[in-house]
């Protein structure tokens, strides 16, 4: 090969020193006393003459300007477009590679593109910047492409920050062109460096009826975490992203601090909110459900204490677990590495402990007999079995509430009233313990859910499997006739008020279609150029339009409500967004309304999930990272995951740990402060 390999004789120390001299760029021209960084100087000879510096091409011997003030762009253009000898011998030419999909796949090495992909890899895999200086990593990269110039950690950090700015600009453009409203979730945590962070996540449905979740802020939150500090952070974020005119709803945990935050946000952004912000505050359903179950678990604490004790005893040492596994082996049951010991403040962990213990009930009884330890009585095992069955329904509801890759707002009413039906049924159970439990939970239910948020009820109506008839059914089950009629009239009035707002908005912007794209009616030519026959037809069309406008017209909403409800309310395979997408032509205005309302999340789990990533990013090895760097890494990782279709399924790994004092179990790195 006629030209040298870039970086072939470089050492890691050389690369480190190179990055320490310049953090902001990986390729530029230094002064004449230092080594040239740009790859083009591997293909030119620098010489001096009376006029200054010149650059002579190693292949065609053409002389170009070598002045440091002129940059290297002209040298790159010479190699890529002019020098035939370089192009003929260059290893940058297209390579023909075998492909499983295509007979021939063309490849051309590109240093800049490879650097960008490396930055994506480091961000998505949550790797430290210093990995690029590891000897084995250097050998690995050179084995793949010797021409790839390995950068130091500071240059890689610069590339990651540049990628963040690039992806941020793309998302800005998406929001700028977005025709639908955006809902938000937010949560607050404290890192193991005692730095408070606030995460703000945007949820929206685009014109193609695809639900998106984007972390738009992961900022440091100064102490103390008062309602004013939280309000200021949220307000600043919405204005910075220019989303203050597109607010649909904000979902927050159920605490008094957040109530104060929402009151002030409503006052500030009421000009752009639906119903002037009256229903824009969504309380996290997973959090409320956790409070309900926690209060109920206090009643049955003694019923499960014995099971907790024997599980703690068996799991206390490896020798005890070995003895327990020997019993399992004799009973031909699968061996265990350990039994699940619950955290008393986390009801879902208690559920898991009871589930495991009941599965190994006979083995635990035998172990207690052989080792003379305390064992639950038959009555206590029976109560545990009843409680386990009872809690299973709440676990299922929390999984629904915690989903973030499908609309949850349309499922809100169904799940809430399903919980109510369960509590009402179990409250008349003959078992006194369960009776006390359900009575205590009913108090919390009536406190938080006796008055449903009207926006979430409207979301249920916009589910073609439910519509208004499902709301009527639920209210008839819960309220007396007069109160039921009053509540149904109220929700119907809210529904039509919201629909009329969308009708008025469409009239103000008639060129805006339901998909958010503007229609172009220009270019039709002057009316004088239209033939008489066509003009006659146009006159009739105008006359027909005027005549029909005099007759009362049925609205889209009336037609939608009068149409039959889709069958199979329990069909879990139903894709509500696909249904609305296929019915845009039938309900153009209503479909826009559905896009906004169905995007409302009913829990803050999507924001909390950012901290499971954050706990790994802000670990002991990256404790020196600045908050701005942490935000860039967390946000960019979230944006890139969707591009690579690697978003984690939140509903399959539900975290129910939403108690104020125990939320640090997400990753072991963060603890909840509010």
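Numbering (the UniProt record's numbering), first residue to last: 1 to 674.
The beta carbon of each residue, even a glycine, is placed where N, CA and C say it ideally should be.
How close, in whole Å, do the beta carbons of residue i and residue j come, if the pair is a contact with beta carbons under 8 Å?
{"i": "residue 218", "j": "residue 634", "result": "4 Å"}
{"i": "residue 282", "j": "residue 251", "result": "4 Å"}
{"i": "residue 215", "j": "residue 199", "result": "6 Å"}
{"i": "residue 237", "j": "residue 274", "result": "The pair is not a contact, with the Cβ atoms about 20 Å apart (cut-off 8 Å)."}
{"i": "residue 450", "j": "residue 413", "result": "Contact flag wrong, Cβ pair sits at about 13 Å."}
{"i": "residue 424", "j": "residue 296", "result": "Their Cβ separation, rounded to whole angstroms, is 14 Å, which puts residue 424 and residue 296 out of contact at 8 Å."}
{"i": "residue 55", "j": "residue 66", "result": "4 Å"}
{"i": "residue 384", "j": "residue 304", "result": "6 Å"}
{"i": "residue 365", "j": "residue 397", "result": "32 Å between Cβ atoms; not a contact."}
{"i": "residue 40", "j": "residue 75", "result": "4 Å"}
{"i": "residue 465", "j": "residue 566", "result": "5 Å"}
Per the DSSP calculation, residue i is bridged to which residue(s)?
{"i": "residue 49", "result": "52"}
{"i": "residue 64", "result": "55"}
{"i": "residue 187", "result": "199"}
{"i": "residue 182", "result": "247"}
{"i": "residue 394", "result": "Partner(s): none; residue 394 has no beta bridge."}
{"i": "residue 204", "result": "212"}
{"i": "residue 228", "result": "Paired residues: none, contrary to the question."}
{"i": "residue 44", "result": "57"}
May I have the straight-line CA-CA distance separating residue i from residue j, to the nearest angstrom?
{"i": "residue 467", "j": "residue 573", "result": "18 Å"}
{"i": "residue 165", "j": "residue 271", "result": "31 Å"}
{"i": "residue 342", "j": "residue 312", "result": "9 Å"}
{"i": "residue 183", "j": "residue 434", "result": "38 Å"}
{"i": "residue 193", "j": "residue 223", "result": "14 Å"}
{"i": "residue 617", "j": "residue 126", "result": "Reliability of the predicted coordinates at residue 617 is poor, the pLDDT of 47 falling under 50, and no value is obtained from them."}
{"i": "residue 407", "j": "residue 600", "result": "8 Å"}
{"i": "residue 638", "j": "residue 60", "result": "48 Å"}
{"i": "residue 457", "j": "residue 387", "result": "31 Å"}
{"i": "residue 62", "j": "residue 203", "result": "57 Å"}
{"i": "residue 301", "j": "residue 603", "result": "27 Å"}
{"i": "residue 352", "j": "residue 340", "result": "7 Å"}
{"i": "residue 436", "j": "residue 330", "result": "40 Å"}
{"i": "residue 328", "j": "residue 370", "result": "13 Å"}
{"i": "residue 201", "j": "residue 447", "result": "28 Å"}
{"i": "residue 9", "j": "residue 152", "result": "The predicted position of residue 9 is uncertain, since its pLDDT is 38 and thus under 50; a value taken from the coordinates is nonetheless stated next. Roughly 15 Å between the two C-alpha positions."}
{"i": "residue 144", "j": "residue 160", "result": "22 Å"}
{"i": "residue 687", "j": "residue 242", "result": "With the chain represented from 1 up to 674, any question about residue 687 goes unanswered, as that position is not in the structure."}
{"i": "residue 294", "j": "residue 162", "result": "46 Å"}
{"i": "residue 130", "j": "residue 585", "result": "54 Å"}
{"i": "residue 400", "j": "residue 598", "result": "14 Å"}
{"i": "residue 231", "j": "residue 626", "result": "23 Å"}
{"i": "residue 472", "j": "residue 593", "result": "21 Å"}
{"i": "residue 269", "j": "residue 239", "result": "10 Å"}
{"i": "residue 84", "j": "residue 137", "result": "35 Å"}
{"i": "residue 49", "j": "residue 57", "result": "16 Å"}
{"i": "residue 499", "j": "residue 557", "result": "7 Å"}
{"i": "residue 266", "j": "residue 287", "result": "22 Å"}
{"i": "residue 694", "j": "residue 579", "result": "Residue 694 lies beyond the range of the chain shown here (1 to 674); nothing can be said about it."}
{"i": "residue 333", "j": "residue 322", "result": "14 Å"}
{"i": "residue 233", "j": "residue 44", "result": "53 Å"}
{"i": "residue 380", "j": "residue 479", "result": "37 Å"}
Where does the unbroken beta strand (DSSP E) through residue i begin, and where does it stop?
{"i": "residue 254", "result": "Looking at the DSSP string, residue 254 is not in any beta strand (DSSP E), and its letter there is neither H nor E."}
{"i": "residue 700", "result": "Past the edges of the chain, shown from 1 to 674, lies residue 700, and the structure says nothing about it."}
Where do the ends of the alpha helix (DSSP H) carrying residue i lie?
{"i": "residue 625", "result": "Unbroken run through residue 625: none, as it is neither H nor E."}
{"i": "residue 485", "result": "481 to 508"}
{"i": "residue 159", "result": "153 to 177"}
{"i": "residue 591", "result": "588 to 598"}
{"i": "residue 369", "result": "361 to 371"}
{"i": "residue 405", "result": "It is not in any alpha helix (DSSP H) - residue 405 carries neither H nor E in the DSSP assignment."}
{"i": "residue 77", "result": "73 to 77"}
{"i": "residue 579", "result": "576 to 582"}
{"i": "residue 80", "result": "From DSSP, residue 80 is part of no alpha helix (DSSP H); its letter is neither H nor E."}
{"i": "residue 560", "result": "556 to 562"}
Practice problem: Scan the stretch 109 to 148 and note each continuous alpha helix (DSSP H) run of 4 residues or more that stays entirely inside, going in chain order. | Solution: Segments of the alpha helix (DSSP H) lying fully in the stretch 109 to 148: 111 to 124 and 135 to 144.
Self-check item: alpha helix (DSSP H) runs contained entirely in the stretch 269 to 299, provided each spans 4 or more residues
Solution: The stretch 269 to 299 contains, as complete alpha helix (DSSP H) runs of 4+ residues, the segments 285 to 299 (chain order).
Quiz prompt | Continuous beta strand (DSSP E) assignments of at least 3 residues falling wholly in the stretch 323 to 347 | solution = If only complete runs of 3 or more residues are kept, the stretch 323 to 347 shows no beta strand (DSSP E) anywhere.
Quiz item: Quick one: complete alpha helix (DSSP H) runs, 4+ long, within the stretch 428 to 476?
Solution: Counting only runs of 4 or more, we get 432 to 449 and 454 to 461.
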